[in-house]
Amino acid sequence: KRLILVGPPGSGKGTQSPIIKDEYCLCHLATGDMLRAAVAAKTPLGIKAKEAMDKGELVSDDLVVGIIDEAMKKPSCQKGFILDGFPRTVVQAQKLDEMLAKQDAKVDKVLNFAIDDAILEERITGRWIHPSSGRTYHTKFAPSKVPGVDDVTGEPLIQRKDDTAAVLKSRLDAFHKQTEPVIDYYSKKSIVATLHAEKPPKEVTSEVQKVLSS
Ligand code: AP5
Ligand code: ZN
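Counting the sequence shown from 1 gives a position; full-length UniProt numbering is that position plus 32.
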């Protein structure tokens, strides 16, 4: 299956991705994770992306389309993939369709993580991450066994630089202006499934499973 996860910051895309990935053996491509790794490694791509990311704005279409084009060539992504955080503009969606058309492929399903903006600040400001695995915790909703420490490796957890209430406002603004049109783009193709992303994580997982098995 070729799946796209769309939703505002904190809607649960990164939380559900590993579960879907394990169940369907898909490759998980998260442009945000890839960009953060590039920023941390100070690669030319990371240096270009950092300023927009710190402000909560979108990185240019050319940069992200380039990383997705490269990443999708991996053999593990040939049978199917989960795109988490891409496409985020209509231009990106069109480019993705062009890339897939070259392989006689198309997007199968778009999971729309629908949620009210008001819930997101608490989710974002309470999030803690284990950077090397991508495991995500929340001080209230999904606490690690020992505060600030990854359950599996015992390594320290970090908070994302853009996870502040102020930067969240710009990220939400970018979502409503630039990414919501992407949902309309796929609605016209009748492949969007809308989830109740405000529910607890396990209930969201059940909704995802129901959509993917139908
Ligand atoms: P990106 O990393 O994609 O961030 P985002 O879209 O803002 O999404 P988040 O990762 O914040 O949210 P999530 O839905 O994954 O939430 P999570 O599951 O972790 O992008 C970052 C930046 O990179 C962008 O601002 C942009 O600059 C750039 N970028 C990336 N892709 C781009 C593109 N295609 N084009 C241009 N620029 C791009 O959950 C959040 C918290 O809530 C966690 O603590 C979790 O434990 C908790 N939680 C999750 N689900 C639930 C639940 N059901 N109930 C209670 N708590 C929950
Ligand atoms: Zn995420």
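Ideal placement from N, C-alpha and C gives every residue a C-beta, glycine not left out.
Item	Value
Quick check on this structure: which residue in 62, 55 and 99 has the alpha carbon closest to the alpha carbon of residue 76?	99
Is residue 190 buried or exposed, if buried means 16 or more other CB atoms sit within 10 Å of its CB?	exposed
Ordered along the chain, which non-local residues of its own chain (more than five positions away) have a Cβ less than 8 Å from that of residue 243?	141, 143, 225 and 227
Can you tell me the Cα-Cα spacing of residue 161 and residue 236, whole angstroms?	20 Å
Helix, strand or coil, according to DSSP, for residue 173 in the structure here?	coil
Please indicate yes or no: does the CB of residue 94 lie closer than 7 Å to some heavy atom of the ligand HEM?	Annotation note on the ligand HEM: not contained in the displayed structure, which lists the ligand AP5 and the ligand ZN as its ligands.
In terms of alpha-carbon separation, which member of 201, 36, 184 and 211 lies closest to residue 112?	36
Give a yes or no on whether the minimum CB-CB distance between residue 173 and chain D is below 8 Å.	The structure shown contains no chain D; it is built from a single protein chain.
DSSP state of residue 94, grouped into three classes?	helix
Quick check: is any heavy atom of the ligand AP5 less than 7 Å from the C-beta of residue 80?	no
Could you check which residue in 52, 70 and 40 has the C-alpha nearest to that of residue 164?	70
Might you give, ordered along the chain, the residues of its own chain that have their beta carbon closer than 8 Å to the beta carbon of residue 148, omitting 5 neighbours on each side?	230
Give the range of the beta strand (DSSP E) segment to which residue 141 is assigned.	141–146
Helix, strand or coil, according to DSSP, for residue 38 in the structure here?	strand
Tell me whether residue 70 sits in a helix, a strand or coil according to DSSP, three-state version.	helix
Between 38, 197 and 246, which lies nearest to residue 125 when the distance is taken from Cα to Cα?	38
Which whole runs of the alpha helix (DSSP H) in the region 158–233 are 4 residues long or more, in chain order?	197–206 and 212–219
By Cβ distance below 6 Å, which residues in the same chain neighbour residue 62 in space, the five residues on each side in sequence not counted?	116 and 117
Thinking C-alpha only, which one of 174, 84 and 33 is nearest residue 232?	174
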